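I have placed the structure first, in the form of structure tokens, so that the comments after it can refer back to it.
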């Protein structure tokens, strides 16, 4: 693996990735007639930064106690609860917003309860609503990333700690804090950047033009003013912000110094007493926060299932095909990049930044740039599905990469020299060492990528023809044709299929890791 | 990936095989193309008489459509663009990409004549409410601003109804528009990116009224046998949305494009519009209008000319932003 080819492949991949993401931006900029930002754009930038910062801090901050409670408690249905709590991240944005509104909205559950108690209504619309919805969408990801970190601490270390009679406080200091230092910056970066490019959530729940994000400003520049220069400039600013944050994350990450374990199933050192009660409370609150809106989505969708047109099933098939292909591409690329970065050496930092770039992409600029590139060669509609596959693969890569990186580092540190001395390299190294050790994050990452590809809408809308619609596009078309019930039904199908794909991949990873 | 490459290859072959039949490409907004929109019926009716292949290409909503036309420029392989509204046509005309249609525009509630763009349907914007929950809705913008009725509207920067509302207030109040918006600020629950999010939130009970069309209640009446929805008449009059189509100058099928525009005003096209696009057809179909379409006809119709709408847009948007940002 230390061979020249082994270091060259990730570098080529990183350059290719940067090209796919940056070339459309340059193409859009190339069509511009001038570059200038107005005061409204700066206000949008300020709001975008603040809401993304708040959303990421709250998501990651809440994820630590939740993941810790999940890591050290056992109870019936724990596995199922962990899987289910991941579901909100997989929801298409508009579905998630309607789910959140069903609970926290003006006529939602929370206000119904408050009315019964004789208390005034609370409003979800405003900056706090935006943060709430972002936490709802991203807490699942944060919890899983942090939980993954807990489970990656070799069980031997916990046994050792136990035999030394370390108190929970000492465990926290010697095992858990180092792990968090390795995992949290990555989780923070990912969520911050997701929220940076937020559009529909911020606008729908933001309550008005105060909640203008950079992505909306790009939308306006592109569509209403046809000011490609401003659109490209704003997209460039978004890239710049992402790069700065990714760099900060890179500087803060400390690989966890635990050494290799025997890869036994993690031993849960269940804690009792008041800690168990506190953990139960934390898990209960998190589950309620994540699952009640999800339940609302399901309840809204059930009546619609009966009146769904056939087009929904055809589109579902198309979406699954797109998701499977783009997942395969993403997982391979992310694995190569993660191993390359973990290997270190010159360019590792640049590769890491390249892997984060797609997160900061404005979907609209990416779509329009690709459209401009493609249309000179063929009618864009003929490439709708291949382009969707490529874009989905690129856009979900950062998530998979982030999940793989911490464990690829551990792998490198623990097995790198051993593998070299045994002369294991290339595919055998992948098969014998990498895949078995990383099966858990690979499975989880693949599930995430598949579900994200199912839900993606950004780019296909520009390319889609009459026949090529994917499921999210059909949901949107149904809503646009007043058919809200059928749309809710189709959205439920989308959620179920996404979740099934996610579950299948994730379960494979856990099964393979423990086999 | 392999299957999609294969599919692409096959579809290219299919194109080649059909090369003898002339192809007319119509660029339109997405909901026109969908199986619940007018697209499928219109395609069948036109293909029955034109000996051609009519292909619709969907591109987001009306504003996305204009951006698409500008992106594709003179190299576009579309022949006709269908679905711009009059708030966008000045910008479209300025591109120089459109050719005169040479037809007489049908009569609308307001005088309308544009050498480049021909209307195919129209509607009035209105605030829709549930009669059982809001028995006596506000009767004007001022009435609404003074009430504690909650509304949900669309963002003018990302949606055509949102832009329509901006023009409505401007057309009705002129210099007082900013004051009206300031008064409405506390009535607005939220501003959504598009029509469907706003309408969805309204149906969920998040607002008492939603900005939509006078014909929206007809959908609920006809498709859901639900007569609880109504559009509130406003004393200022109601702003119109006139949806138009135009022929691209660079079309390689100009004769066929002309034929399509003529067909657009005929029964085969117009009779499909009311219950698929839920707008008024520009030529009343032989069977008359469906039930519910006559329920609320505003006495005053407001519409700015394309040039006036274009000229007013930037200032009106700034007023709107300033009033709601407080």
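Residue numbers (our numbering), protein chains in the order written: chain A, 1 to 515; chain B, 1001 to 1326. A virtual CB, placed ideally from N, CA and C, is assigned to each residue, including glycine. This one's a predicted model, so the numbers in the text were calculated from it and none came from an experiment.
In the DSSP assignment, residue 1039 of chain B falls outside any beta strand (DSSP E) and within the unbroken alpha helix (DSSP H) covering 1039-1050.
Assignment of residue 32 of chain A by DSSP, reduced to helix, strand and coil, places it in the coil class. At least 8 Å separates the CB of residue 1147 of chain B from every CB of chain A.
Within the segment 1080-1109 of chain B, the runs of beta strand (DSSP E) that reach at least 3 residues and sit entirely inside it are, in chain order, 1080-1085.
From the listed residues B/1023, B/1171 and B/1028, the smallest Cα separation to residue 1243 of chain B is found for B/1028. Rounded to the nearest angstrom, the Cβ distance from residue 40 of chain A to residue 130 of chain A is 18 Å, too far for a contact under 8 Å.
At a Cβ-Cβ threshold of 8 Å, residue 1128 of chain B and residue 1152 of chain B do not count as neighbours.
Distances from the CA of residue 186 of chain A to each of A/146, A/139, A/279 and A/497 were compared; the closest alpha carbon is that of A/146.
Interface with chain B (8 Å Cβ-Cβ cutoff): residue 204 of chain A is included. Proximity of the segment 387-397 of chain A to the segment 358-378 of chain A meets the contact definition, three or more beta-carbon pairs being nearer than 8 Å. In its chain, beyond the 5 residues on either side, no residue has a beta carbon closer than 6 Å to the beta carbon of residue 1313 of chain B. Around residue 1253 of chain B, the same chain offers 1022, 1024 and 1079 as residues with beta carbons nearer than 7 Å, after the five sequence neighbours per side are excluded. For residue 1200 of chain B, the residues of chain A that pass the 7 Å Cβ criterion are 98, 479 and 484, in the order they occur in the chain. Out of B/1177, B/1209 and B/1235, the CA that lies nearest to the CA of residue 1316 of chain B is found in B/1177. Residue 1268 of chain B places its beta carbon 8 Å or farther from that of residue 1107 of chain B. As the crow flies, the alpha-carbon of residue 205 of chain A is around 48 Å from that of residue 1255 of chain B. Contact of residue 94 of chain A with chain B is assigned, a C-beta pair being separated by under 8 Å. Taking the Cα of residue 242 of chain A as reference, the smallest distance to any Cα among A/400, A/53 and A/334 is reached at A/53.
Assignment of residue 104 of chain A by DSSP, reduced to helix, strand and coil, places it in the helix class. With respect to chain B, the C-beta atom of residue 351 of chain A has no partner C-beta closer than 8 Å.
Our two residues, residue 312 of chain A and residue 61 of chain A, have alpha carbons roughly 39 Å apart in a direct line. Shown in chain order are the members of the segment 215-239 of chain A whose Cβ falls below 8 Å from a Cβ of chain B: 216, 219, 220, 222, 223, 224 and 226. For the pair of segments examined, the segment 113-132 of chain A was found to touch the segment 42-58 of chain A: the number of CB pairs separated by less than 8 Å reaches three. Its Cα nearest to that of residue 1287 of chain B, the residue B/1272 stands out among B/1300, B/1081 and B/1272.
368, 371, 372, 375, 379, 381, 382, 383, 385 and 386: these are the residues of the segment 366-387 of chain A whose beta carbon lies less than 7 Å from some beta carbon of chain B, given in chain order. Under the rule that a run must span 4 or more residues, the alpha helix (DSSP H) segments found entirely inside the segment 1243-1322 of chain B read 1254-1264, 1267-1270 and 1273-1277.
Interface flag for residue 1298 of chain B against chain A is unset, since no Cβ pair is found closer than 8 Å. Taking all protein chains in view, the Cβ of residue 45 of chain A is crowded by 16 or more other Cβ atoms within 10 Å, so the residue is classified as buried.
Residue 283 of chain A sits buried, since 16 or more C-beta atoms from the chains shown fall within 10 Å of its C-beta. Annotation: residue 123 of chain A to residue 1320 of chain B spans about 22 Å, alpha carbon to alpha carbon. Beta-bridge analysis with DSSP links residue 1053 of chain B to B/1023.
Residues of the same chain with a CB within less than 6 Å of the CB of residue 1147 of chain B, apart from the 5 flanking positions on each side, are 1138 in chain order.
Residue 87 of chain A and residue 499 of chain A do touch by the CB rule: their CB atoms are close to 6 Å apart, below 8 Å. Listed along the chain, the chain B residues whose CB falls inside 8 Å of the CB of residue 199 of chain A are 1193.
A contact is defined here as three or more CB-CB pairs under 8 Å, and the segment 321-339 of chain A meets this definition with respect to the segment 447-454 of chain A. DSSP links residue 1209 of chain B through a beta bridge to B/1129 and B/1151.
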